[in-house]
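*Asks:* Residue numbers (the working numbering): 814 to 938.
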């Protein structure tokens, strides 16, 4: 039976060590840097928003993956809308382990558009 185990204890870890734990402050910085870099000076264009949202989500995901949160499943949500002075409310619900799982979000606004980006990190047992 020991041959089946493979010798790697990390594969059976049920909790992340402290340095690999999802850190919302670091993830929020990844989100903030990406959306500010990509959206500064951009005007709202309903034709371009779907591709822009996907591109931002991919860039945020890649940046968070490179931050070293091993064994975390990531969900990245990006919402871009036209700035017309209206209010927008957004909410999410998740079932997760409060000891290991978390999320981070950030908001960007200019005269033309608003962007809400959220990253959810769920530890893969």
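Beta carbons are placed, not taken as given, at the ideal position from N, Cα and C, and that holds for glycine. Note that the structure is a prediction, hence the values are computed from the model and not measured.
Should the region 870-885 be called in touch with the region 836-847, which here means at least 3 C-beta pairs below 8 angstroms?
*Replies:* Touching, yes, given that three or more Cβ pairs across the two stretches are closer than 8 angstroms.
*Asks:* Using only the alpha-carbon positions, how far apart do residue 917 and residue 909 sit?
*Replies:* Residue mapping note: residue 917 aligns to position 104 of the chain shown, counting from 1. Residue mapping note: residue 909 aligns to position 96 of the chain shown, counting from 1. Roughly 15 angstroms between the two C-alpha positions.
*Asks:* Please report the residue range of the alpha helix (DSSP H) in which residue 880 lies.
*Replies:* Numbered from 1 along the chain shown, position 67 holds the residue referred to as residue 880. Per DSSP, residue 880 belongs to no alpha helix (DSSP H) and is neither H nor E.
*Asks:* Looking at the secondary structure, which residues open and close the alpha helix (DSSP H) in which residue 842 lies?
*Replies:* Along the chain shown, read from residue 1 onward, the residue named residue 842 stands at position 29. 837-852 is the span of the alpha helix (DSSP H), which, as asked, contains residue 842.
*Asks:* Classify residue 853 as buried or exposed, calling it buried when 16 or more other Cβ atoms lie within 10 Å of its own Cβ.
*Replies:* The residue you call residue 853 lines up with position 40 of the chain shown. Exposed.
*Asks:* As an exercise, report each continuous beta strand (DSSP E) stretch of at least 3 residues that is fully enclosed by the region 856-938, in chain order.
*Replies:* As far as the region 856-938 is concerned, its whole beta strand (DSSP E) runs of at least 3 residues are 885-895, 915-922 and 926-936.
*Asks:* Rounded to whole angstroms, what's the CA-CA distance from residue 826 to residue 833? Just pull it up for me.
*Replies:* Numbered from 1 along the chain shown, position 13 holds the residue referred to as residue 826. Numbered from 1 along the chain shown, position 20 holds the residue referred to as residue 833. Their backbone Cα atoms lie some 12 angstroms apart in a straight line.
*Asks:* Buried or exposed, going by whether 16 or more other CB atoms sit within 10 Å of the CB of residue 905?
*Replies:* Translated into the one-based positions of the chain shown, residue 905 becomes position 92. Result: exposed.
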